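Heads up, the sequence shown stops at 378 in the numbering used here, and the numbers go up one at a time, no gaps. Here's the structure we're looking at; comments come further down.
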Amino acid sequence: MIEYENLRASNELFFEELKEITISTIESGWYILGEKVKEFEKAFAAYNHTSYCIGLANGLEALLLSLKAFNFKPGTEVIVPSNTYIATILAVLDAGCKPVMAEPDITTYNINPEEIEKNITSNTGAVMVVHLYGKCCEMDKIGDICRKHHLKLIEDCAQSHGAKFKGKYSGAFGDLGAFSFYPTKNLGALGDAGAVLTDNEDLAKIISCLRNYGSQRKYYNDLVGYNSRLDEIQAAILSFKLRHLDEINEHKRMLAKLYFENLKDDFIKPVVDQDYFDVYHIFNIRHPKRDELKKYLLEHDIKTEIHYPVPPHQQKAMKGILDDKSYPVSEEIHRTTLSLPCSFGHTENDIYRVIEIMNKF
Ligand SMILES: *Cc1c(COP(=O)(O)O)cnc(C)c1O
18 MIEYENLRAS NELFFEELKE ITISTIESGW YILGEKVKEF EKAFAAYNHT
68 SYCIGLANGL EALLLSLKAF NFKPGTEVIV PSNTYIATIL AVLDAGCKPV
118 MAEPDITTYN INPEEIEKNI TSNTGAVMVV HLYGKCCEMD KIGDICRKHH
168 LKLIEDCAQS HGAKFKGKYS GAFGDLGAFS FYPTKNLGAL GDAGAVLTDN
218 EDLAKIISCL RNYGSQRKYY NDLVGYNSRL DEIQAAILSF KLRHLDEINE
268 HKRMLAKLYF ENLKDDFIKP VVDQDYFDVY HIFNIRHPKR DELKKYLLEH
318 DIKTEIHYPV PPHQQKAMKG ILDDKSYPVS EEIHRTTLSL PCSFGHTEND
368 IYRVIEIMNK F
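This is the structure in structure tokens:
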């Protein structure tokens with residue numbers, strides 16, 4: 018059986034170091050927001066060439082606190098892609114704002130800059146882009162739109178650790194870049210974790226205050242805060258794994274290259290463009306008979322996933338919350354996309370086997 022993802026296999030190479038790191042953190046006697054969190058924040062900001070990094074508890078709260086940092090009036094509109102993981106939308110709702118969905122580009126699967134501009138109203142406060150599957154959005158055009166209309170720009174980088182557009186890292190384009198380090202992400206902790214990147218000192222201070230009950234000095238609360246603290250064990254693990262992020266991304270890029278070079282053209286593959294350094298958090302193809310293909314692969318002992326089967330506006334939880342307009346581009350992607358095995362734990366032979374079986378479909 019070729020798994021879609023096996024977290025044990027993806028971490029096995031690092032087991033010895035991970036055990037040592039965990040034991041030494043246990044023995045340090047300090048478990049939340051300490052030196053190891055500070056070390057990781059410094060290293061992750063340096064990796065992405067930003068001035069500040071604030072370690073947080075998870076990706077959803079990285080998005081939520083990013084929005085909260087701007088103190089938007091309730092009901093302020095935030096433009097988001099219509100094809101994203103539900104967390105992006107939930108963060109906007111949790112912040113008391115209104116998600117306004119803009120359609121993606123059918124070739125990149127990322128939010129279409131022209132659709133952003135069409136959806137701007139006098140009530141728009143921010144644009145929240147998602148660098149889906151590990152490919153950056155068109156950040157030059159989107160940056161221009163945000164400057165022109167005086168909108169805040171937040172990046173959901175949960176799938177784009179190490180991805181670049183024109184040489185610049187995701188998370189370094191907007192006012193704030195929000196990351197998740199959920200175990201399956203390209204930079205994955207061994208539990209929940211998240212972070213925000215920024216070059217803005219004031220925003221960095223607000224977010225580090227919000228993550229710890231709105232308090233900078235113990236028992237004095239300046240803001241209505243949250244508990245979204247990063248713990249020392251996850252931070253120490255992340256500092257170690259950050260040193261291997263390029264190696265992890267290169268492995269995934271190498272596997273993606275095998276698909277590009279060997280999969281027959283019946284499958285619509287991701288676009289490749291020299292302006293983009295893609296990290297293939299997800300390697301997806303599209304096919305009109307997606308469900309049949311998924312079943313066929315499973316019969317041949319190959320597991321795949323669908324990211325995502327149901328678009329946000331058609332989710333049960335969003336009934337009466339998101340508008341019930343149709344989003345045809347998003348719906349087409351959800352209907353035809355299939356994510357293939359492409360993780361750090363997969364070998365070239367695994368991928369050749371997937372290709373061989375797929376080419377007989
Ligand atoms: C994983 C993910 C998140 C949420 O991160 P958590 O750490 O699970 O809260 C947000 N947005 C996108 C696009 C994601 O893939």
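For every residue, glycine included, the Cβ atom is placed at its ideal position computed from N, Cα and C. These figures come from a predicted structure and were not determined experimentally.
Can you look up residue i in the DSSP assignment and give me helix, strand or coil?
| i | result |
| --- | --- |
| residue 246 | coil |
| residue 64 | helix |
| residue 155 | coil |
| residue 321 | coil |
| residue 294 | strand |
| residue 237 | strand |
| residue 129 | coil |
| residue 100 | coil |
| residue 162 | helix |
| residue 123 | coil |
| residue 217 | coil |
| residue 19 | strand |
| residue 256 | helix |
| residue 327 | coil |
| residue 190 | coil |
| residue 57 | helix |
| residue 77 | helix |
| residue 339 | coil |
| residue 136 | coil |
| residue 268 | helix |
Can you list, in chain order, the residues of its chain whose CB lies under 6 Å from that of residue i, leaving out five sequence neighbours each side?
| i | result |
| --- | --- |
| residue 53 | 249, 252, 253 |
| residue 361 | 27, 265, 268 |
| residue 279 | 372 |
| residue 169 | 87, 143, 192 |
| residue 50 | 246 |
| residue 156 | 182, 190 |
May I ask you to list the residues that DSSP assigns as paired with residue i?
| i | result |
| --- | --- |
| residue 116 | 95 |
| residue 212 | 72, 196 |
| residue 146 | 172 |
| residue 300 | 357 |
| residue 87 | For residue 87, which the question treats as bridged, DSSP gives no partner whatsoever. |
| residue 141 | 94 |
| residue 279 | Note: residue 279 sits in no beta bridge, so no partner. |
| residue 203 | In the DSSP output, where bridge partners are listed per residue, residue 203 has none listed. |
| residue 185 | 182 |
| residue 49 | 248 |
| residue 224 | Paired residue(s): none; residue 224 is not in a bridge. |
| residue 229 | 244 |
Could you spell out the range, first to last residue, of the alpha helix (DSSP H) harbouring residue i?
| i | result |
| --- | --- |
| residue 347 | 345-353 |
| residue 288 | Element bounds for residue 288: n/a, residue is neither H nor E. |
| residue 42 | 32-45 |
| residue 27 | 24-28 |
| residue 308 | 307-316 |
| residue 375 | 365-375 |
What is the residue span of the beta strand (DSSP E) that residue i lies within?
| i | result |
| --- | --- |
| residue 232 | 232-234 |
Beta-carbon within less than 7 Å of residue i's beta-carbon, same chain only, minus the 5 sequence neighbours each way: which residues are those?
| i | result |
| --- | --- |
| residue 371 | 19, 319, 357, 358 |
| residue 328 | 99, 100, 344, 347, 348, 351 |
| residue 38 | 253, 254, 257 |
| residue 206 | 198, 200, 251, 254, 255 |
| residue 126 | 100, 149, 150, 350 |
| residue 76 | 104, 175, 195, 196, 197, 199, 211 |
| residue 374 | 314, 317, 319 |
Closer than 8 Å by C-beta to residue i: which residues in its own chain qualify, once you throw out the five before and the five after it? Chain order, please.
| i | result |
| --- | --- |
| residue 277 | 286, 289 |
| residue 158 | 130 |
| residue 23 | 360, 362 |
| residue 283 | 304, 378 |
| residue 311 | 321, 323, 355 |
Inset, instruction - Please determine if the region 155-169 and the region 121-131 are in contact, where contact requires at least 3 C-beta pairs separated by less than 8 Å. - result: In short, these stretches touch, since the Cβ pair count reaches three.
Legend entry - Three-pair Cβ contact test at 8 Å for the region 91-99 versus the region 115-129: Counting Cβ pairs under 8 Å, three or more are found: they touch.
Legend entry - Three or more C-beta pairs below 8 Å linking the region 292-301 and the region 149-157: At 8 Å Cβ cutoff, the stretches touch.
Inset, instruction - Taking 8 Å as the threshold, find out whether the region 305-322 comes into contact with the region 80-91 through three or more Cβ pairs. - result: No, they do not touch.
Legend entry - At least three beta-carbon pairs within less than 8 Å, the region 210-220 to the region 67-78: Yes: at least three Cβ pairs fall under 8 Å.
Inset, instruction - Check whether the region 223-235 touches the region 103-113, taking contact to mean three or more Cβ pairs, one atom from each stretch, closer than 8 Å. - result: No, the region 223-235 does not touch the region 103-113.
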